[in-house]
Amino acid sequence: MNNLVENNALSEVLPFYHCSIKNSKVSALGNGLINQTYLVKSIEQSFVLQQINHHVFKEPTQVINNAELINKHLQAKKENGQYSLEPMWQLTAKHNSPAVIVNDSYWRAIQFIPNCYTVEAVATTEQAHQVAAAFGQFTSALSDFPANQLAEIIPDFHHLDSRIAQLKTVVAKDPMNRLSGCQNLVNFCFEQVNFIKKVAELVAVLPVQVTHNDTKINNLLFNSESKKPIAVIDLDTCMPGFIMHDFGDMVRTCCSTLPEDGVALEDMQIRMDIFEALAESYINSFAGNITQLERESLIIGAQLLPFMIGIRFLTDYIDGDHYFHTQHATHNIERAKNQLHFFHLLHHSEDELTRIITR
Ligand code: GN1
Ligand code: MG
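Here is the structure:
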């Protein structure tokens, strides 16, 4: 850790977890775009320490409470033999406190499971089957969870009309004078009226489930020996939603030949074999507890998630990059172009996607 601000904050936070900056090794962990995550290793213990971005998560304690409720439910399912993955327990700080607040920043700790790794891109169809089975199993296990106990962490998180409205608002202000450089992309988003209407009609009739809402492939932990998923991580956005959102985010992060910020768009293709594997194992994981409409909605979900995150990256770019962490000045616009291009490809492959889903 060479950043002084981080170092100062960490030296204040670590004693709440019975260690200190002197007797521990702290390293950055993961590729989250919102929170800051660290691995803390001391002689006695290893754990994950996370600074919760409370501009995004306005009520960090609700994020922690939701995860606790979900973990308890998953643990009970596990004991009944109905869930085979590990819950990711959060650790309390001194005085049994769920979070530590230092200089207006919020911190929480999560257990560290050794001998695990995360994956950024699907290697094989076999791995895609495992990914879909793991996220499907997660949502299945939550099918009888009392959703009204969960706080709505980010209202309208996956509500397309709201995301379009946010884009309109920022376009009208253009606070950084960036609009002229991306007007075509903005127009492209607003032109998708048929798709936007189709989504609005669908969400009015789809059954609501507790979903994960961030099912990127790197939100699974794989065991180093078995090479299989052992835990679903990052429960921050678990909220009532639609399974097409979770399926769509898997497709978004598994079925493109480029990462979400890749710029060689001419090389981007849909990995249809991976799509087929995801669809098959995701549908099977519900063991019949999936309606025909939900099944069909997966095609819209696959198109919707890249479209929606494309709109969100574009909105943040025009707004001046306040929401997502960026590594350089054009990062958000590159992500937006990438995701909207992937949406475009998926939109034009709808017949093939439909054939696969209805097979
Ligand atoms: C954010 O921070 P992370 O990587 O868990 C975002 C997701 C996006 C994702 C794009 C709360 O997730 O919605 O899909 O970046 N989370 C929030 O990579 O906005
Ligand atoms: Mg997340």
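Residue numbers (our numbering): 90 to 448.
Beta carbons are placed, not taken as given, at the ideal position from N, Cα and C, and that holds for glycine.
Report task. Would you kindly report the start and end of the unbroken alpha helix (DSSP H) that includes SER370? Result -> Within the sequence shown, the letter at position 281 stands for residue 370. Element bounds for SER370: 361 to 374.
Query raised in the report: Leaving out five residues before and five after PRO187 in sequence, what residues of the same chain have Cβ atoms less than 8 Å from its Cβ?
Result: Residue numbering aside, residue 187 sits at position 98 when the sequence shown is read from its first letter. Around PRO187: THR150, ILE153, ASN154, GLU157, GLN179, THR181 and ARG197.
Query raised in the report: Between the C-alpha atoms of LYS305 and ILE422, what's the straight-line distance to the nearest angstrom?
Result: For this step, residue 305 is matched to residue 216 along the sequence shown. For this step, residue 422 is matched to residue 333 along the sequence shown. The straight-line gap from Cα to Cα measures roughly 20 Å.
Query raised in the report: Should THR258 go down as buried or exposed, given a rule of 16 or more other Cβ atoms within 10 Å for buried?
Result: For the purposes of this step, residue 258 is taken as the residue at position 169 of the sequence shown. By the 10 Å Cβ count, THR258 comes out exposed.
Requested in this report: Please indicate yes or no: does the CB of THR326 lie closer than 7 Å to some heavy atom of ligand 1?
Outcome: Looking up residue 326 in the sequence shown gives position 237. Answer for THR326: yes, Cβ within range of ligand 1.
Query raised in the report: How about ILE398: is its Cβ closer than 7 Å to a heavy atom in ligand 1?
Result: To locate residue 398, count along the sequence shown from 1; it is residue 309. It does: the Cβ of ILE398 is within 7 Å (strictly closer) of some heavy atom of ligand 1.
Requested in this report: Report the rounded CA-to-CA distance for ASN185 versus ILE199, giving the unit in angstroms.
Outcome: What you label residue 185 is simply residue 96 of the sequence shown in a count that begins at 1. What you label residue 199 is simply residue 110 of the sequence shown in a count that begins at 1. Their backbone Cα atoms lie some 14 Å apart in a straight line.
Query raised in the report: Fully enclosed by the region 166 to 222, which beta strand (DSSP E) runs are 3 residues long or longer?
Result: 189 to 191 and 194 to 200
Query - Coil, strand or helix - ASN421 by DSSP - result: The residue given as residue 421 occupies position 332 in the sequence shown. If DSSP states are grouped into helix, strand and coil, ASN421 belongs with the helices.
Query raised in the report: Distance, Cα to Cα, VAL189 vs ALA117?
Result: Here residue 189 refers to the residue found at position 100 of the sequence shown. Here residue 117 refers to the residue found at position 28 of the sequence shown. In a straight line, the C-alpha of VAL189 is about 19 Å away from that of ALA117.
Report task. For ALA320, write down the residues that DSSP places opposite it in a beta bridge. Result -> Within the sequence shown, residue 320 is the residue found at index 231, counting from 1. DSSP lists LEU310 as partners of ALA320.
Report task. Could you name the residues of the same chain whose beta carbon sits closer than 7 Å to that of LEU434, not counting the 5 residues immediately before and after it, in chain order? Result -> Position 345 of the sequence shown, counting from 1, holds the residue named residue 434. The answer, listed in chain order, is MET357 and ILE359.
Requested in this report: Measure the beta-carbon distance from LYS426 to LEU354 and round it to whole angstroms, keeping in mind my assumption that it falls under 8 Å.
Outcome: On the sequence shown, residue 426 is found 337 positions in, with the first residue counted as 1. On the sequence shown, residue 354 is found 265 positions in, with the first residue counted as 1. Sure, about 7 Å apart at Cβ, within 8 Å.
Query - Selected residue, minimal CA-CA separation from VAL294, among LEU382, TYR106, ASN169 and ASP362 - result: Your numbering for residue 294 matches position 205 in the sequence shown. The option with the nearest alpha carbon to VAL294 is LEU382.
Requested in this report: Could you check how far apart the C-beta atoms of VAL191 and VAL129 are, in whole angstroms? I think they sit under 8 Å.
Outcome: By one-based count along the sequence shown, residue 191 stands at place 102. By one-based count along the sequence shown, residue 129 stands at place 40. Not quite, the Cβ-Cβ distance comes to about 15 Å (not below 8 Å), so this is no contact.
Query raised in the report: In this structure, does DSSP put PRO348 in helix, strand or coil?
Result: Taking the sequence shown and counting its residues from 1, one reaches residue 348 at position 259. Note: PRO348 maps to coil in three-state DSSP.
**Report entry** Cβ distance (whole Å) where PHE431 is taken to contact SER345 below 8 Å
**Finding:** The residue given as residue 431 occupies position 342 in the sequence shown. The residue given as residue 345 occupies position 256 in the sequence shown. Right, their Cβ atoms sit about 5 Å apart.
Query - DSSP-derived helix/strand/coil call for MET357 - result: Position 268 of the sequence shown holds residue 357. Reduced to three states, the DSSP call for MET357 is coil.
Query raised in the report: Out of ALA376, THR228 and ASP350, which has the shortest C-alpha to C-alpha gap to ALA210?
Result: Within the sequence shown, the letter at position 121 stands for residue 210. Out of ALA376, THR228 and ASP350, ASP350 has the C-alpha closest to the C-alpha of ALA210.
Query raised in the report: Excluding sequence positions up to five away, which residues of its chain have a Cβ less than 8 Å from the Cβ of ILE379?
Result: Your numbering for residue 379 matches position 290 in the sequence shown. So the list reads ILE332 and ILE372, once near-sequence residues are dropped.
Requested in this report: Inspect the CB distances between the region 220 to 240 and the region 362 to 371 and report whether three or more fall short of 8 Å.
Outcome: yes
Report task. Starting from GLN136, trace the beta strand (DSSP E) both ways and give me its first and last residue. Result -> For the purposes of this step, residue 136 is taken as residue 47 along the sequence shown, with counting starting at 1. The sequence shown places Phe at residue 136, not Gln. Here the beta strand (DSSP E) through PHE136 covers 135 to 141.
Query raised in the report: Helix or strand or just coil, what does DSSP make of LYS130?
Result: For this step, residue 130 is matched to residue 41 along the sequence shown. Note: LYS130 maps to strand in three-state DSSP.
Query raised in the report: When the distance is taken between beta carbons, is ILE407 closer than 8 Å to LEU442?
Result: One-based indexing of the sequence shown puts residue 442 at position 353. One-based indexing of the sequence shown puts residue 407 at position 318. Cβ atoms of LEU442 and ILE407: not closer than 8 Å.
Query - Contact between the region 238 to 256 and the region 392 to 399 (3+ Cβ pairs under 8 Å) - result: yes
Report task. Grab me the residues of ALA366's own chain with a C-beta within less than 6 Å of its C-beta, minus the 5 sequence neighbours each way, in chain order. Result -> As a working mapping, residue 366 is identified with position 277 in the sequence shown. Excluding residues within five positions, the ones whose Cβ falls inside 6 Å are THR214, ALA217 and HIS218.
Query raised in the report: How about ALA320 and ILE141: do their beta carbons lie closer than 8 Å?
Result: Start at 1 with the first residue of the sequence shown, and residue 320 comes out as number 231. Start at 1 with the first residue of the sequence shown, and residue 141 comes out as number 52. No; because the gap between Cβ atoms is not below 8 Å, this pair is not in contact.
Query raised in the report: Around the Cβ of THR447, are there at least 16 other Cβ atoms within 10 angstroms (buried) or fewer (exposed)?
Result: Here residue 447 corresponds to residue number 358 of the sequence shown, with the count starting at 1. Exposed is the call here.
Query raised in the report: Cα separation between GLU290 and ASN97?
Result: Against the sequence shown, residue 290 aligns to sequence position 201. Against the sequence shown, residue 97 aligns to sequence position 8. Distance between the alpha carbons of GLU290 and ASN97: 51 Å.
Report task. Verify the contact flag: ASP338, CB atom, against every heavy atom of ligand 2, threshold strictly below 7 Å. Result -> As a position in the sequence shown, residue 338 is number 249, starting the count at 1. No; taking the cut-off as 7 Å, the Cβ of ASP338 has no heavy atom of ligand 2 nearer than that.
Query raised in the report: Is ASP323 near ligand 1, in the sense that its beta carbon is under 7 Å from a heavy atom of that ligand?
Result: Here residue 323 refers to the residue found at position 234 of the sequence shown. Yes, the beta carbon of ASP323 sits closer than 7 Å to at least one heavy atom of ligand 1.
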